[in-house]
Amino acid sequence: VAAGALISDTAMKTGVIVKMSQNVLIGFAAFILAVVWSFKGKMGPGVEKPGFLDIWFRFPKFVLGYLIASVVFSFLISPSTVAATKGMLGSLRTWWFALAFTSIGLETRFKDLASLGGGRPALAFLIGQTFNIFWTLLLAYLIFGGYIFPAPKL
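With our numbering as the guide, the letters of the sequence shown map in order to residues 8 to 161.
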C-alpha cells in the first residue's frame, strides 16, 4: 500500500483493495490448513478421525480476533467514534505491528526452520507464499481488469 502511495492515488487504492483481499483469504487459508493438518496421517481403516477440538487447537486464534475487530468497527461502533479515535489507534497499530514483526524476526532462526523435518516446514511456507502471491495476482487481475465486475473507477 505504501509503495502504491508513492506512485499515485490510484495505485494506493488498488494496493488497499489487494491487501484487504489477502487479509480476507488468511482466514480461509488458516481454516483449511487446520483441517488438513488435523487429518494428516489419520486416514484409513480403524483410525479415529479428528474431531472439532483437534481442528480448534491447530487453528490460529488471531483470525477470530481479526474477525471480531472487523465486525465491531464495521457495525457496532458509530462512524463518528471511529473517526475520532482513528488517529490514535493508527499510531498504536503501527507500534504494535512493528513490535510484533520485530519479535518474530528475533525469534526466527531460518537455519533451524530449514533443518526441521527435513526442511518440510520451510518448503510449506515457500509454497504457501507462492500460492498466495499468484492467487492474489489473479484476483486483482480479474477484479481490476473488469472480468468479474465492471472495472472500478479509481
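We put the CB at the ideal spot given by N, CA and C, even for glycine.
Bear in mind the structure is a predicted one, so any value in this text is a computation, not a measurement.
- Restricting attention to alpha helix (DSSP H) runs no shorter than 4 residues, the segment 36-98 encloses them at 59-65 and 69-78, ordered along the chain.
- Each residue's CA atom was taken as its position, placing G11 and G22 some 6 Å apart.
- Annotation: the continuous alpha helix (DSSP H) that includes R127 extends over R127 to F151.
- Going by DSSP, G11 is part of the alpha helix (DSSP H) stretching over A9 to I14.
- With a contact defined as Cβ atoms closer than 8 Å, I62 and V42 qualify at about 6 Å.
- Between the segment 54-73 and the segment 31-38, the count of C-beta pairs closer than 8 Å reaches three or more; the two stretches touch.
- In this structure, the CA atom of G48 is about 29 Å from the CA atom of V31.
- Counting along the chain, the unbroken alpha helix (DSSP H) around F117 starts and ends at F117 to S122.
- A158 sits in coil when the DSSP states are folded into three classes, being neither helix nor strand.
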